[in-house]
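*Asks:* In my numbering, the protein residues as written are 0 to 341.
Note that CB positions come from ideal geometry on N, CA and C, so glycine has one too.
All values derive from a computational prediction rather than experimental measurement.
Below is the structure:
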């Protein structure tokens, strides 16, 4: 049994962690730490989880000998502080993305964890999105031949939420950048088109980043001003193409614990695959969607802690993605500054 505790009790914990852990027989959630100020007017939700101990005493969690893993789900500016405290008390740590505010902070935590023989890892759970798992399945099948281009979209139509501040790189693009980086690793060249349509030099509401791998180019696009639904993934190879719309997320519940479905999504949203086989025969097929299951990351982390297997999310991947995020923000600042001064 792996006994864990959470630091934080926000949207991520309620919707992307707890629902996927409730059926894990080898993982027990013992406690959740919340700051006293965060509980004001928000204690009713705690009653939804009668088997979990809620506390405002962080030391109580850190000194609990039963707890082996601390999951940190707070704002990024406190990730490093909480991670270090947990490691100092000989706890493994799983930290929400982005793992840290800077590459330097992330390196510090990884090095400290290694010095104590502990695991510090980023919660890159979106590698287990159903649509991304479906994409991987198609690529690994080889039917598309040599992959030439992959487009990944994470778009909304919410222009009313476009404000000053650099949050979209770290809030949205971090997911899709990590997904593609986990497939192909370090690119030979990166081209950034990150800027603000509404607040030049002060925001990152438009993201278009190309990663070049020789003949292969992958593209991550994020925008809050896309009105027509666009495929989540578009893939072109020299033998065919594949398109998959987003599988979306579970239905959030405002009146009780969020429940998730592990059933395959409706066939109407399965991916479309068109290719020519080795005999020259054309195929047009629907590709059955894989199921989103963020619990898979916990299973792999469990094996890393208990059986000393390699971490499912590598340190070098986290550091590389953080560098890309920070370079993207800098690109937005510089590009918009130049535009303003033309």
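Could you tell me the distance, in whole angstroms, from the CA atom of residue 322 to the CA atom of residue 290?
*Replies:* For the purposes of this step, residue 322 is taken as residue 323 along the chain shown, with counting starting at 1. For the purposes of this step, residue 290 is taken as residue 291 along the chain shown, with counting starting at 1. Roughly 30 Å between the two C-alpha positions.
*Asks:* When the distance is taken between beta carbons, is residue 182 closer than 9 Å to residue 274?
*Replies:* Position 275 of the chain shown, counted from the first residue, corresponds to residue 274. Position 183 of the chain shown, counted from the first residue, corresponds to residue 182. Taking 9 Å as the Cβ cut-off, residue 274 and residue 182 do not qualify as a contacting pair.
*Asks:* Could you compute how far the alpha carbon of residue 264 sits from the alpha carbon of residue 133?
*Replies:* Looking up residue 264 in the chain shown gives position 265. Looking up residue 133 in the chain shown gives position 134. Their Cα atoms are separated by approximately 12 Å.
*Asks:* Please determine if the stretch 177-197 and the stretch 208-222 are in contact, where contact requires at least 3 C-beta pairs separated by less than 8 Å.
*Replies:* At 8 Å Cβ cutoff, the stretches touch.
*Asks:* Say the cut is 8 Å; is the CB of residue 311 nearer than that to a heavy atom of the ligand GDP?
*Replies:* Absence of the ligand GDP from the depicted structure is noted, as is the absence of any ligand whatsoever, leaving it without description.
*Asks:* For residue 324 and residue 168, what's the separation of their Cα atoms in angstroms?
*Replies:* Residue 324 sits at position 325 when you count from the first residue of the chain shown. Residue 168 sits at position 169 when you count from the first residue of the chain shown. Using only the alpha carbons, I get a separation of about 6 Å.
*Asks:* Helix or strand or just coil, what does DSSP make of residue 148?
*Replies:* Residue mapping note: residue 148 aligns to position 149 of the chain shown, counting from 1. Of the three classes helix, strand and coil, the one that applies to residue 148 here is strand, per DSSP.
*Asks:* Leaving out five residues before and five after residue 66 in sequence, what residues of the same chain have Cβ atoms less than 8 Å from its Cβ?
*Replies:* The residue you call residue 66 lines up with position 67 of the chain shown. Result list for residue 66: 2, 3, 4, 29, 30, 60, 90, in chain order.
*Asks:* Would you be able to state if there are at least three C-beta pairs under 8 Å between the stretch 151-160 and the stretch 212-232?
*Replies:* With a cut-off of 8 Å, the stretch 151-160 and the stretch 212-232 count as touching, because enough Cβ pairs lie within range.
*Asks:* Just the Cα atoms here: how many angstroms apart are residue 70 and residue 130?
*Replies:* Taking the chain shown and counting its residues from 1, the one referred to as residue 70 is at position 71. Taking the chain shown and counting its residues from 1, the one referred to as residue 130 is at position 131. Residue 70 and residue 130: Cα-Cα distance of roughly 25 Å.
*Asks:* Would residue 108 and residue 79 be called neighbours here (beta carbons separated by less than 9 Å)?
*Replies:* Locating residue 108 in the chain shown gives position 109, where the first residue counts as 1. Locating residue 79 in the chain shown gives position 80, where the first residue counts as 1. Yes, these two residues count as a Cβ contact at 9 Å.
*Asks:* State the DSSP-derived secondary structure class of residue 274, mapped to helix, strand or coil.
*Replies:* As a working note, residue 274 is residue 275 in the chain shown. Correct three-state label for residue 274: strand.
*Asks:* Taking C-alpha atoms, which residue in 100, 330, 277, 176 lies nearest to residue 141?
*Replies:* Mapped onto the chain shown, residue 141 falls at position 142. Ranking the options by Cα distance to residue 141, first place goes to 277.
*Asks:* If you count every other CB in all the chains shown that lies within 10 Å of the CB of residue 256, and 16 or more means buried, which is it?
*Replies:* Numbered from its first residue, the chain shown carries residue 256 at position 257. Exposed is the call here.
*Asks:* Closest to residue 54 by CA distance: which of 252, 38, 177, 204 is it?
*Replies:* Start at 1 with the first residue of the chain shown, and residue 54 comes out as number 55. The shortest C-alpha separation from residue 54 is found at 38.
*Asks:* Given a cut-off of 9 Å on the beta-carbon distance, is the pair residue 92 and residue 68 in contact?
*Replies:* Counted from its first residue, the chain shown places residue 92 at position 93. Counted from its first residue, the chain shown places residue 68 at position 69. Yes, the Cβ-Cβ distance between residue 92 and residue 68 is below 9 Å.
*Asks:* Decide if residue 328 is buried, meaning its Cβ has at least 16 other Cβ atoms within 10 Å, or exposed.
*Replies:* Translated into the one-based positions of the chain shown, residue 328 becomes position 329. So residue 328 ends up on the buried side.
*Asks:* Excluding the 5 residues flanking residue 165 on each side, which residues of the same chain have their C-beta closer than 7 Å to its C-beta?
*Replies:* Stepping through the chain shown from its first residue, residue 165 is reached at position 166. Once the five neighbours on either side are set aside, the close Cβ partners of residue 165 are 202, 203, 328, 331.
*Asks:* With a threshold of 9 Å between beta carbons, is residue 91 in contact with chain B?
*Replies:* Among the protein chains of the structure shown there is no chain B, as only one such chain exists.
*Asks:* Assuming residue 121 and residue 94 form a contact by the criterion Cβ under 8 Å, report the distance between their Cβ atoms to the nearest whole angstrom.
*Replies:* Numbered from its first residue, the chain shown carries residue 121 at position 122. Numbered from its first residue, the chain shown carries residue 94 at position 95. Going by Cβ atoms, the distance from residue 121 to residue 94 rounds to 6 Å, so yes, they are a contact pair.
*Asks:* What number of angstroms, rounded off, separates the C-alpha of residue 295 from the C-alpha of residue 148?
*Replies:* Residue 295 sits at position 296 when you count from the first residue of the chain shown. Residue 148 sits at position 149 when you count from the first residue of the chain shown. One C-alpha to the other measures close to 28 Å.
*Asks:* Nearest to residue 246 by CA position, among 238, 267, 104, is which residue?
*Replies:* Stepping through the chain shown from its first residue, residue 246 is reached at position 247. Among 238, 267, 104, the Cα nearest to that of residue 246 is on 267.
*Asks:* Which of the three DSSP states is assigned to residue 281 in this structure?
*Replies:* For the purposes of this step, residue 281 is identified with residue 282 of the chain shown, where counting begins at 1. It is a strand residue.
*Asks:* In the DSSP assignment, what are the bridge partners of residue 93?
*Replies:* Stepping through the chain shown from its first residue, residue 93 is reached at position 94. According to DSSP, residue 93 bridges with 70, 120.
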